[in-house]
Each structure stands twice: as C-alpha cells, then as structure tokens.
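Protein chains in written order, with our numbering: chain A, 4 to 416; chain B, 3 to 87. A short write-up of the structure that comes next.
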Ligand SMILES: Cc1cc2nc3c(=O)[nH]c(=O)nc-3n(C[C@H](O)[C@H](O)[C@H](O)COP(=O)(O)OP(=O)(O)OC[C@H]3O[C@@H](n4cnc5c(N)ncnc54)[C@H](O)[C@@H]3O)c2cc1C
C-alpha cells in the first residue's frame with residue numbers, strides 16, 4: 004500500500020500544491036488572449052512566456068483544461084508524413100517531445116514503441132514506399148518492411164487478417180511513440196502559469212470585437228477583455244469562433260471515436276495501424292488496449308458516441324487479432340475532429356489583423372502540440388508566420404495550392 | 003442503431019445510407035471570379051445548425067434531401083428533390 008496516499012484521506016486540506024494558480028478576476032486587458040485551454044493553447048502560452056518574454060497573457064477555457072481533444076485522443080506521436088512541409092514540421096515536434104518530461108519535471112510517460120502502418124494492397128505498398136523515400140530524404144527513421152518483420156514485432160497477429168486482407172508489408176517508423184495526454188496539458192499549463200500567464204477555466208468566449216479589420220477585444224461569459232491579439236486554438240469549435248469574426252474556412256466537423264478494453268497483461272509493444280481495416284491499436288502502460296477507427300461518416304458537432312462504432316471496430320480488430328474475442332470493451336468516447344480538405348492543418352495569420360489561427364487539426368494534432376505552441380508563439384509575438392508553418396496558411400484554399408497529406412493522415416492520425 | 007427514413011423505402015438503418023454534404027448553390031464557372039470559385043470548391047459552413055443535406059440510400063440508389071440538426075444529430079425531415087420547398 005502506498006502510504007503517501009493516506010495523506011489524502013487524513014488531511015483536511017489537499018496535501019499537494021495545485022498545478023497552477025487561481026485568478027478570481029479577469030483583468031480588463033491582456034497583450035494576448037488565447038482561446039482554448041487544450042494542449043495547443045497552453046503550449047502557445049508557455050512558449051510566448053519562455054521564448055518571447057510575453058507574459059501578460061490569458062488562456063480562456065470554457066470547460067476545464069485538457070477536456071477537449073487533448074484529453075480524448077489516442078496519443079500517437081510520429082513524423083512519417085508524406086509532404087516535405089509535414090515531415091519537417093512533425094519531425095521538429097518529435098524532437099521537442101523527447102525532452103519534454105525533463106523540461107516540465109513531470110512524467111509524461113513518453114513511451115517509444117515503434118509504429119507500423121500495415122499495407123494490405125499493392126497500392127498501399129506503393130504509398131508506403133513513397134512515404135519511406137520522402138521520410139528518408141529528410142533524415143526520418145522510416146522503412147518498408149515485410150510481413151515476417153511485422154510478425155516478429157507483434158507475434159499474436161493473424162497475417163492473413165481473416166483471409167480477406169492479407170498483410171503484404173508495412174511502413175515501419177521506429178520513433179513512433181505514445182504519451183500521457185492530460186499530463187501534456189498540465190505540464191504546459193503549469194509552465195505557463197509559473198512564468199506569469201493566467202489560465203481561466205469556466206470562461207467561454209462569446210464574441211470577438213473587430214473594428215476596422217482589427218481585433219480590439221473579446222466578449223466572454225465573465226465580461227469584456229480588451230486585447231489586440233487573439234490566438235484561436237479550439238480544435239472542434241473552430242468554425243464557431245471563425246463565424247464570430249466572419250472568416251470563411253474549409254473546416255468541417257466529423258466526430259472521431261475511440262475505445263479502450265479492460266486491462267490485459269502486456270502483449271503488444273508496437274503501435275499498429277491499418278488503413279484498409281480502419282483500425283489502429285496500442286497497449287497503454289496500464290494494459291488497456293487503446294483503439295480507434297476512421298472518422299464518423301457524417302457531420303455532427305457533438306461528442307456523442309455510437310454502438311455502430313464499437314461493432315465495426317471490434318469486427319475488424321478480430322480480423323487482425325482473433326484471440327481477443329473474449330476481451331471486454333470498457334469505455335468509449337468521441338471528440339470533434341476539425342477536418343480540412345487536404346488533411347493538413349491551418350496555421351498562421353488571417354484576413355483579420357491580430358487574429359491568429361491554429362486549427363484544422365482533425366485527427367492528427369496531438370503529436371503537433373509542442374511544435375504548434377512554439378511556432379504559433381513566434382507568429383503571434385512577431386506578427387510573421389514561423390518558417391515551419393508557411394505551407395499551412397489559410398490562403399492556400401484561395402490559391403489552389405493545397406498541402407496534400409491524406410495518404411499519411413487519414414486513419415493513421 | 004440509428005434509423006433514417008428514406009422517402010421511397012421508409013425507415014431503414016442509417017448504415018444503409020451515405021452522406022453527401024450540405025446543399026450549396028454552384029456559381030456559374032464561366033462567369034464567376036476565381037475567388038468565388040475557390041470559395042465554392044473549398045469553404046464550408048462548419049458551424050452547427052439545422053442544415054439541408056444530400057443523402058443517398060445506397061441499396062436502392064435513392065438520392066434525397068435531409069433536414070438535420072447537426073449538433074443534436076436529429077433528423078427533422080426527409081424528402082425527394084423538388085418535393086418540398
Ligand atoms: C478520438 C481521437 C483520437 C485522436 N488520436 C490522435 C492521435 O493518436 N495522435 C494525434 O496526433 N492526434 C490525435 N487526435 C487529434 C488531437 O486530439 C487534436 O488534434 C489535438 O488534441 C487538438 O488539440 P487542441 O489543443 O488544439 O484542442 P482541444 O484539446 O480540443 O482544446 C480546445 C479547447 O478549446 C475550448 N473551447 C472551445 N470553444 C471555446 C470558447 N468559445 N471559449 C473558450 N474555450 C473554448 C474547448 O473546451 C477545448 O478544451 C485524436 C482526436 C480524437 C478525437
């Protein structure tokens with residue numbers, strides 16, 4: 004029995020210090036207001052303070068921090084994308100991740116597992132080879148492997164997948180990892196708080212005051228705040244905020260669902276993804292199988308979950324791992340994925356001066372949390388897009404110059 | 003299982019249908035500007051609301067219109083094109 008736990012039962016006051024301080028009042032103005040206390044918003048506050056000395060910052064969160072997609076995702080971290088813009092950007096993120104636990108002095112349970120994207124068809128094999136070449140060109144550890152290699156890494160797999168989708172090979176990405184998602188929000192939150200930024204939970208942005216094409220302030224559920232700079236990092240709520248400032252965008256919302264099984268003894272080390280079977284799976288440090296599928300097939304702006312999802316995912320999972328047939332599903336949930344037509348994010352400046360956007364993160368934005376925070380902090384502080392994000396600007400949908408990332412992002416996250 | 007009512011085949015499981023997005027008027031490609039065309043091609047109304055959408059009953063290939071509250075995921079009405087204004 005861990006005796007330290009007894010303190011929580013016996014002491015009248017909570018025996019641990021709070022992760023971040025309480026601010027009963029909003030100030031009447033801030034240098035920067037960040038909408039959304041997910042990983043992205045909190046990371047931006049952290050790097051604004053740490054790298055740019057901007058600390059008069061409020062992070063406004065309508066619920067609780069990490070309660071959005073940050074706390075709902077399946078925490079896969081990888082950089083084996085398809086476009087040069089994407090590969091360079093996610094690679095920088097993986098490097099930031101590797102030092103983060105130490106930087107925060109908080110265990111993020113960052114676990115390097117290795118990541119397989121399984122190919123069941125010749126055309127999938129072709130995409131894997133293409134990705135491996137792009138990846139290697141940018142110095143990313145990524146290679147095409149055969150079925151025997153997959154079998155050695157995951158001995159319980161049925162390589163024929165029930166006979167109808169035999170595994171021909173896979174893209175193997177050794178740096179692929181998972182991490183504890185809420186700890187990421189807390190780590191960035193505590194780091195931003197220690198450096199002077201304010202985190203306000205239960206504070207909803209209801210409107211944005213734009214005058215003469217410039218941001219002047221935000222209307223919140225707790226009153227008006229004057230500010231010249233607003234960073235919007237609200238994932239599945241992005242279209243609602245963009246409506247407030249009148250900026251058209253291609254972002255549309257479909258739910259993405261996930262589920263976990265009861266805890267099992269450790270048997271699966273790597274992270275496995277199958278685009279054809281719409282399955283991805285990893286085993287958490289607690290032994291639960293963390294599983295997901297592709298997007299829900301139609302637009303919904305809520306976090307409802309469905310039985311159809313559990314049935315469909317389970318049947319495909321059993322094609323890969325027939326021995327799981329008696330394992331119970333413990334929980335299921337959904338998040339709202341802010342999708343873009345090219346499966347790349349939308350980051351940077353917008354037609355409204357002082358309104359910065361970090362959205363369109365769909366099903367793949369958790370891994371980008373550190374690099375988004377860093378590049379958006381730079382963009383807000385200097386009013387110039389960071390060089391790593393110029394390929395992700397909103398303008399690309401006016402200039403017909405998309406950043407096609409679908410081949411690497413659709414089910415794999 | 004969620005049920006959707008096909009105007010021709012009656013109530014059927016929603017897995018028999020597929021979704022084709024909100025109904026949007028197409029500008030005339032010969033006369034509209036590049037910006038208008040780009041707006042039509044890419045931009046969407048991603049905010050919640052009651053929307054008119056194209057759906058298809060795949061087993062009978064029936065295309066029809068669904069009025070749906072996209073936040074509550076509640077189907078309000080379904081009808082064939084040209085049937086109800
Ligand atoms: C099931 C699922 C699995 C996923 N798996 C992966 C994965 O394996 N790997 C990966 O890289 N990505 C994954 N993703 C995507 C990833 O979770 C997101 O892209 C990422 O977490 C977005 O972080 P964020 O900080 O931008 O948004 P969020 O964490 O959603 O934070 C936005 C916050 O804004 C707040 N907010 C909204 N509107 C307002 C308002 N008006 N006023 C104040 N606050 C507001 C919300 O309450 C919310 O807390 C997955 C997503 C889902 C749903």
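Just so it is clear, CB atoms sit at the ideal spot from N, CA and C, and this is done for glycine as well.
Assumed close pair residue i, residue j - CB separation to whole angstroms, cut-off 8 angstroms
i	j	result
residue 171(A)	residue 128(A)	6 angstroms
residue 21(B)	residue 300(A)	6 angstroms
residue 363(A)	residue 348(A)	5 angstroms
residue 371(A)	residue 51(A)	Their Cβ separation, rounded to whole angstroms, is 17 angstroms, which puts residue 371(A) and residue 51(A) out of contact at 8 angstroms.
residue 62(A)	residue 167(A)	With 8 angstroms as the limit, residue 62(A) and residue 167(A) do not qualify as a contact, their Cβ atoms being about 48 angstroms apart.
residue 270(A)	residue 197(A)	With a Cβ gap of about 40 angstroms, residue 270(A) and residue 197(A) do not count as contacting.
residue 395(A)	residue 406(A)	7 angstroms
residue 117(A)	residue 173(A)	11 angstroms between Cβ atoms; not a contact.
Chain B within 9 angstroms of residue i, Cβ atoms only
i	result
residue 402(A)	yes
residue 344(A)	yes
residue 254(A)	yes
residue 304(A)	yes
residue 99(A)	no
residue 341(A)	yes
residue 243(A)	yes
residue 246(A)	yes
residue 309(A)	yes
residue 300(A)	yes
Range of the contiguous beta strand (DSSP E) that encloses residue i
i	result
residue 264(A)	255–264
residue 101(A)	From DSSP, residue 101(A) is part of no beta strand (DSSP E) but of the alpha helix (DSSP H) over 87–107.
residue 223(A)	217–223
residue 80(B)	76–81
residue 244(A)	No beta strand (DSSP E) holds residue 244(A); the alpha helix (DSSP H) holding it covers 241–248.
residue 66(B)	64–71
residue 270(A)	Looking at the DSSP string, residue 270(A) is not in any beta strand (DSSP E), and its letter there is neither H nor E.
residue 189(A)	Premise fails: residue 189(A) lies in the alpha helix (DSSP H), 184–197, not in any beta strand (DSSP E).
residue 209(A)	208–214
residue 26(A)	From DSSP, residue 26(A) is part of no beta strand (DSSP E); its letter is neither H nor E.
residue 355(A)	Looking at the DSSP string, residue 355(A) is not in any beta strand (DSSP E), and its letter there is neither H nor E.
residue 314(A)	Taken as a continuous stretch (DSSP letters only), residue 314(A) belongs to no beta strand (DSSP E), being part of the alpha helix (DSSP H) at 310–323.
Residue i: CB within 8 angstroms of a non-hydrogen atom of ligand 3
i	result
residue 342(A)	Of the ligands this structure carries, namely ligand 1, none is ligand 3.
Closer than 9 angstroms to chain A by CB, residue i
i	result
residue 46(B)	yes
residue 18(B)	no
residue 54(B)	no
residue 9(B)	no
residue 28(B)	no
residue 50(B)	yes
residue 86(B)	no
residue 21(B)	yes
residue 32(B)	no
residue 61(B)	no
residue 72(B)	yes
Contact check, residue i vs residue j, beta carbons under 9 angstroms
i	j	result
residue 49(A)	residue 376(A)	yes
residue 55(A)	residue 277(A)	no
residue 77(A)	residue 294(A)	yes
residue 323(A)	residue 280(A)	yes
residue 274(A)	residue 187(A)	no
residue 75(B)	residue 313(A)	no
residue 240(A)	residue 350(A)	no
residue 343(A)	residue 365(A)	yes
residue 97(A)	residue 233(A)	no
residue 82(B)	residue 9(B)	yes
residue 80(B)	residue 69(B)	yes
residue 249(A)	residue 40(A)	no
residue 247(A)	residue 210(A)	yes
residue 361(A)	residue 231(A)	no
residue 226(A)	residue 32(A)	no
residue 355(A)	residue 217(A)	yes
residue 48(B)	residue 144(A)	no
residue 44(A)	residue 64(A)	yes
residue 103(A)	residue 111(A)	yes
residue 95(A)	residue 391(A)	yes
Residue i, enclosing alpha helix (DSSP H) - first and last residue
i	result
residue 132(A)	125–140
residue 53(A)	42–55
residue 203(A)	Careful: residue 203(A) lies outside any alpha helix (DSSP H), inside the beta strand (DSSP E) at 201–203.
residue 373(A)	372–385
residue 150(A)	150–156
residue 42(B)	36–44
residue 9(A)	9–13
residue 445(A)	An answer regarding residue 445(A) cannot be provided, because it is not within the stretch 4 to 416 covered by chain A.
Neighbour flag for residue i against chain D, beta carbons, 9 angstroms
i	result
residue 69(B)	Structure shown: chain D not included; protein chains present are A and B.
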